[in-house]
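**Q**
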Amino acid sequence: MLESLIEPLQYSFMQRSLLVAVIIGVICAVIGSYLMVQRLALLGDAISHSVLPGLAIAFIVGANIFIGAFIAGVISTVFINIIRTRSPLKEDAAMGIVFSAFFALGITLITVIQKDNKIDLNHFLFGNILGVTAGDVRDTLIIAAVVLLE
361 MLESLIEPLQ YSFMQRSLLV AVIIGVICAV IGSYLMVQRL ALLGDAISHS
411 VLPGLAIAFI VGANIFIGAF IAGVISTVFI NIIRTRSPLK EDAAMGIVFS
461 AFFALGITLI TVIQKDNKID LNHFLFGNIL GVTAGDVRDT LIIAAVVLLE
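Just add 360 to the spot in the sequence shown (first one is 1) and you have this note's numbering.
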């Protein structure tokens, strides 16, 4: 019984996938706890949905999709802050407005891209942890170190 659970871990892609899953689990626990204390529980969801247009635009222009996602996340955070400070809306309402608008824009862009290129960009929505490379593990470790040391 135990062998059937351990056997897949002999493959390097499974080891990388498990390592990244554990690292991300630790990071998400730390960030999630902080956001709950700050009463910003929706912020993680808002930013994660808001990066979709950045992914699609980066794909269109042939840039690194991580950079596109980062830029879109920063822009969405700026918009959330502008709405929150310049209107009577609460933080949750501002986040809901921004992430809904950004996510709708992202889905629209992906639909347009798929129509022209015949490329399945749904992997951006759902991902595949088994495709993690050694570079992805390195990047995840660096990001985890920065997050946990801040």
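Built from N, CA and C at the ideal position, the CB exists for glycine as well.
(1) Can you give the beta carbon distance from residue 436 to residue 410, rounded, assuming they're within the 8 Å contact cut?
(2) Take residue 369 and list the residues in its own chain whose beta-carbon comes closer than 8 Å to its own, dropping the five residues that flank it on each side.
(3) Excluding the five sequence neighbours on either side, which residues of its own chain have a C-beta within less than 7 Å of the C-beta of residue 460, listed in chain order?
(4) Between which two residues does the alpha helix (DSSP H) holding residue 413 run?
(5) In three-state terms, what does DSSP make of residue 507?
(6) Please determine, among 367, 373, 362, 405, the residue with the shortest C-alpha to C-alpha distance to residue 493.
(7) Would you identify the three-state DSSP class for residue 429, choosing helix, strand or coil?
(8) Quick one: using the 10 Å Cβ neighbour count with 16 as the cut-off for buried, is residue 491 buried or exposed?
(9) Give the list of continuous alpha helix (DSSP H) stretches no shorter than 4 residues that lie fully inside the segment 362-414.
(10) My assumption, with CB atoms under 8 Å, is that residue 473 sits in contact with residue 419. Please give the rounded CB distance.
**A** Per the coordinate set shown:
(1) Counting from one through the sequence shown, the residue named residue 436 turns up at place 76. Counting from one through the sequence shown, the residue named residue 410 turns up at place 50. Yes, residue 436 and residue 410 are in contact; Cβ-Cβ is about 3 Å, under 8 Å.
(2) As a working note, residue 369 is residue 9 in the sequence shown. Here the set comprises 375, 378.
(3) Against the sequence shown, residue 460 aligns to sequence position 100. Cβ neighbours of residue 460 beyond the five flanking positions: none.
(4) Here residue 413 is taken as the residue at index 53 of the sequence shown, counted from 1. Residues 412-421.
(5) Numbered from 1 along the sequence shown, position 147 holds the residue referred to as residue 507. If DSSP states are grouped into helix, strand and coil, residue 507 belongs with the helices.
(6) In the sequence shown, counting from the first residue as 1, residue 493 sits at position 133. When each option's Cα is compared against that of residue 493, the closest is 373.
(7) Within the sequence shown, residue 429 is the residue found at index 69, counting from 1. The answer is helix: DSSP assigns residue 429 an H, G or I state.
(8) Translated into the one-based positions of the sequence shown, residue 491 becomes position 131. Its Cβ having fewer than 16 others within 10 Å, residue 491 is exposed.
(9) 362-366, 372-397, 403-410
(10) As a position in the sequence shown, residue 473 is number 113, starting the count at 1. As a position in the sequence shown, residue 419 is number 59, starting the count at 1. Right, the Cβ-Cβ distance comes to about 6 Å (below 8 Å), so this counts as a contact.
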